[in-house]
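Asks: To start, I am sharing the structure in question, which I have written as structure tokens.
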Amino acid sequence: MARASNIYEYKKNGKTHYYIMIDLGKDKNNKRKQKKKMGFKSVKEAKQALIEYQNELKKDQYIEPSKQIFDEYFKEWIRTEKEGTVKDVTLRDYKNIGENILSHYIGSVPLGSLTREHIVNMVSNLNSYSAKYIRKIVSVLNDALKHASEQEIISKNVASNVPIPRIQQKEFQVWNADQVAKFLNDSKDMTYHVLYRTLLMTGMRIGEALGLRWKDINKTTSGYLLSIRQTVNNYGVLETGGKTKSSMRSVEIDTETADYIFTLKETIQKNKEKFKDSYIDQDLIFCTRHGNVLQQPNIRFAYRKDMESIDLPRIRIHDFRHTHATLLLERKINPKVVSERLGHSSVVITLTTYAHVLPTMQTEAVSTLSSLFKER
């Protein structure tokens with residue numbers, strides 16, 4: 002039954018759905034050509050789609066809907082557009098998203114039949130994932146469909162304006178200076194004490210610290226510089242560069258921390274002599290007995306075990322980074338300097354992340370300014 006011009010209803014699984022008939026003019030035999038498009042859940046949605054198709058036809062922009070299923074297109078897109086152009090870890094993430102998520106929800110849908118509603122429904126069913134990861138999933142899908150639109154495989158990128166969850170700023174806990182001092186003292190005999198100290202004294206991400214090489218530590222007139230030129234990703238693979246362009250940086254450390262780092266050289270030399278040809282020399286400062294890359298999950302597990310014997314508030318090892326930044330800001334270190342040490346792409350990120358520290362700084366600033374004019 003027609004609900005409006007070229008809009009019709011039908012039943013599917015006991016529910017009312019709608020389809021549209023698109024007039025494509027006449028063929029060479031002067032016969033009327035029409036295209037049916039199904040899958041709309043309301044008259045309003047069907048009417049909007051019909052208007053868009055009609056506008057495309059007026060502009061001679063109508064593209065015959067592709068019958069290629071999404072799974073096939075996505076794998077082809079990965080192979081032709083992404084392999085060799087993105088980092089291995091990024092490619093692995095794209096493939097995981099395609100195989101484990103996109104394929105499940107829209108893998109069998111023909112590209113030409115894919116609608117915004119498909120994407121909205123998928124997003125609504127991803128509530129077991131973090132907002133950050135959901136945004137990544139939609140971003141990958143948007144990238145793939147944008148390419149399809151540019152290549153005129155589809156007429157429109159239906160993922161371009163899908164509502165996605167906002168990322169809520171995570172609460173984190175930090176230690177104060179006395180607590181840091183206690184931890185460094187109580188953890189002296191622990192396997193990863195030097196790594197813990199390095200993280201607390203530099204604000205590095207754990208992957209950045211695990212990627213440090215001996216050639217990345219250099220003496221300066223005032224101390225030592227640690228240069229971040231590679232990182233260990235979540236899969237335990239060494240990657241050249243950092244998380245972002247600004248992650249490639251040098252961080253100054255105190256002489257005492259440098260001395261602790263240099264104590265590891267003796268252990269590494271003994272392991273080289275012990276394991277000989279089976280030792281894999283990658284020049285890493287933090288590594289296994291055989292010179293292999295340390296795995297982040299193993300470090301986090303060891304840290305949780307170590308904390309069982311230390312009477313301090315439990316914080317994550319990633320919170321060492323937050324502790325480092327908070328202690329510096331509380332001591333009125335310029336936020337730009339803190340931002341550079343953390344490898345943030347902008348000082349705005351630093352100020353937003355550590356806004357809780359700023360109120361006291363503002364109070365002190367007003368007090369200082371007031372005292373200045375009182376003296377006059």
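Here the sequence shown stands for residues 2 to 377, numbered as in this note's numbering. Ideal Cβ placement from N, Cα and C applies to all residues, glycine included. What you are looking at is a predicted structure, and each value in this text was computed from that prediction instead of being measured.
(1) Could you check what DSSP says for phenylalanine 41 in three-state terms: helix, strand or coil?
(2) Kindly indicate the opening and closing residues of the alpha helix (DSSP H) around serine 378.
(3) When you compare the region 84 to 95 with the region 39 to 59, are there three or more beta-carbon pairs, one atom per stretch, that lie closer than 8 Å?
(4) What is the C-beta distance between isoleucine 286 and leucine 313, in whole angstroms, given that I count them as a contact (C-beta under 8 Å)?
(5) Following the continuous beta strand (DSSP E) through valine 233, name the residue where it begins and the one where it ends.
(6) Does the region 308 to 325 come into contact with the region 202 to 217, if we say contact requires no fewer than three beta-carbon pairs (one atom in each stretch) closer than 8 Å?
(7) Using 8 Å as the threshold, is the C-beta distance between lysine 12 and glutamate 118 below it?
(8) So for threonine 268, helix, strand or coil by DSSP?
(9) Report the residue from Ser129, Ile70, Tyr134 and Arg167 whose alpha carbon sits nearest the alpha carbon of asparagine 97.
(10) Indicate the three-state DSSP secondary structure (helix, strand or coil) for methionine 2 in the structure shown.
(11) When burial is assigned at 16 or more other CB atoms within 10 Å of the CB, is serine 310 buried or exposed?
(12) Between glutamine 231 and glycine 242, which are expected to be in contact by the criterion C-beta below 8 Å, what is the C-beta distance as a whole number of angstroms?
(13) Determine the burial state of threonine 221: buried for a count of at least 16 other Cβ atoms within 10 Å of its Cβ, exposed for fewer.
(14) Hey, out of Val141, Tyr95 and Gln174, whose CA is closest to valine 163's CA?
(15) Could you tell me the alpha carbon to alpha carbon distance between arginine 290 and serine 279, rounded to whole angstroms?
(16) Indicate the three-state DSSP secondary structure (helix, strand or coil) for serine 378 in the structure shown.
(17) Can you tell me whether glutamate 10 is helix, strand or coil according to DSSP?
(18) Alpha carbon to alpha carbon, how far is glycine 99 from arginine 250? Give it in angstroms, no decimals.
(19) Helix, strand or coil: which one does DSSP assign to histidine 345?
(20) Less than 8 Å separating the beta-carbons of leucine 115 and phenylalanine 71?
(21) Identify whether isoleucine 1 lies in helix, strand or coil by the three-state DSSP scheme.
(22) Just the Cα atoms here: how many angstroms apart are aspartate 179 and glutamate 341?
(23) Between aspartate 24 and lysine 48, what straight-line distance do the alpha-carbon atoms span, to the nearest angstrom?
Replies: In short:
(1) Residue numbering aside, residue 41 sits at position 40 when the sequence shown is read from its first letter. Phenylalanine 41: strand per DSSP, three-state reduction.
(2) Past the boundaries of the shown model lies residue 378; the chain is included only from 2 to 377, so the question cannot be answered.
(3) no
(4) Here residue 286 refers to the residue found at position 285 of the sequence shown. Here residue 313 refers to the residue found at position 312 of the sequence shown. At roughly 26 Å, the Cβ-Cβ gap does not stay under 8 Å, so isoleucine 286 and leucine 313 are not in contact.
(5) Your numbering for residue 233 matches position 232 in the sequence shown. Its beta strand (DSSP E) spans residues 231 to 233.
(6) With a cut-off of 8 Å, the region 202 to 217 and the region 308 to 325 count as touching, because enough Cβ pairs lie within range.
(7) Residue 12 sits at position 11 when you count from the first residue of the sequence shown. Residue 118 sits at position 117 when you count from the first residue of the sequence shown. Taking 8 Å as the Cβ cut-off, lysine 12 and glutamate 118 do not qualify as a contacting pair.
(8) Here residue 268 corresponds to residue number 267 of the sequence shown, with the count starting at 1. Helix at threonine 268.
(9) Here the question's residue 97 lines up with position 96 in the sequence shown. Considering only alpha carbons, the answer is Tyr134.
(10) In the sequence shown, counting from the first residue as 1, residue 2 sits at position 1. In this prediction, methionine 2 scores a pLDDT of 40, lower than 50, which makes its location untrustworthy; no coordinate-derived value is stated.
(11) As a working mapping, residue 310 is identified with position 309 in the sequence shown. It counts as exposed.
(12) To locate residue 231, count along the sequence shown from 1; it is residue 230. To locate residue 242, count along the sequence shown from 1; it is residue 241. That pair is a contact at about 7 Å.
(13) Counting from 1 along the sequence shown, the entry for residue 221 is found at position 220. Threonine 221 should be labelled exposed.
(14) For the purposes of this step, residue 163 is taken as residue 162 along the sequence shown, with counting starting at 1. Checked all of Val141, Tyr95 and Gln174; the closest Cα to valine 163 is Val141.
(15) The sequence position of residue 290 within the sequence shown is 289, counting from 1. The sequence position of residue 279 within the sequence shown is 278, counting from 1. In a straight line, the C-alpha of arginine 290 is about 10 Å away from that of serine 279.
(16) The first residue shown for the chain is 2 and the last is 377, placing residue 378 beyond what the model contains.
(17) The sequence position of residue 10 within the sequence shown is 9, counting from 1. Reduced to three states, the DSSP call for glutamate 10 is strand.
(18) Stepping through the sequence shown from its first residue, residue 250 is reached at position 249. Stepping through the sequence shown from its first residue, residue 99 is reached at position 98. Distance between the alpha carbons of arginine 250 and glycine 99: 33 Å.
(19) Against the sequence shown, residue 345 aligns to sequence position 344. Coil, per DSSP.
(20) To locate residue 115, count along the sequence shown from 1; it is residue 114. To locate residue 71, count along the sequence shown from 1; it is residue 70. Their beta carbons are under 8 Å apart, which means leucine 115 touches phenylalanine 71 by this criterion.
(21) Shown here, the chain extends from 2 to 377; a query on residue 1 therefore has no answer.
(22) Your numbering for residue 179 matches position 178 in the sequence shown. Your numbering for residue 341 matches position 340 in the sequence shown. Spanning the two alpha carbons is a distance of roughly 25 Å.
(23) Residue 24 sits at position 23 when you count from the first residue of the sequence shown. Residue 48 sits at position 47 when you count from the first residue of the sequence shown. Going from the Cα of aspartate 24 to the Cα of lysine 48 covers about 14 Å.
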